[in-house]
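Some notes on the structure that comes next.
Residue numbers (my numbering): 1010 to 1174.
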């Protein structure tokens, strides 16, 4: 309500101020005062009213202490953010192109070595698979040969012990 009243009081001054400024390009000090008063009227809602006699000294001290605590919290938060910003700035040191090339070269060399070892392991794996397959076939052939050599009544061999009765 107060804002509207101030704006209504200064409406003609604002209008005059605008028309004068547009025609002459210079505003008078009374017009500037009206503008400041209007802006101040907008800000008075958030300002503590010290002229109000309803507040005691204790109320004012309490509010001041609360404001001080809030200020300390904000200051601490600011310092933490400032320290974090500095830390990030220090960590983000620019890396030179030559350092990047050296690191890339090292990684390429390591990648080639690992690729070579992988190929060697695959080759060795294939050779071992061939050897195991050969042994499996040889074992099966040996079992067939052993079975053909023993007579049907012969109980001696790898899996049976002949007991005399």
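Using N, Cα and C, we set each Cβ at its ideal position, and we do this for glycine too. Quick caveat, the model's predicted, so the values are computed rather than measured.
Exercise. With DSSP collapsed to three states, give me the class of residue 1032.
Key: Only weak support exists for where residue 1032 lies, its pLDDT of 46 falling under 50; the coordinates are left without a value.
Quiz item: If we ignore side chains and look at the alpha-carbon of each, how far apart do residue 1148 and residue 1132 end up?
Solution: Taking the straight line from one Cα to the other gives about 25 Å.
Quiz item: Alpha carbon to alpha carbon, how far is residue 1139 from residue 1107?
Solution: Using only the alpha carbons, I get a separation of about 48 Å.
Quiz prompt | Element boundaries [alpha helix (DSSP H), containing residue 1127] | solution = Counting along the chain, the alpha helix (DSSP H) containing residue 1127 begins and ends at 1106-1158.
Practice problem: Go ahead and pull the three-state DSSP assignment for residue 1060. | Solution: DSSP places residue 1060 in coil when its eight states are reduced to three.
Practice problem: Identify the continuous alpha helix (DSSP H) that holds residue 1065 and give its terminal residues. | Solution: Unbroken run through residue 1065: none, as it is neither H nor E.
Practice problem: Spatial neighbours of residue 1064 within its chain, please: CB distance less than 6 Å, with the 5 preceding and 5 following residues excluded, ordered by chain position. | Solution: Counting only residues of its own chain and dropping the five nearest sequence neighbours on each side, residue 1064 has no CB closer than 6 Å to any other CB.
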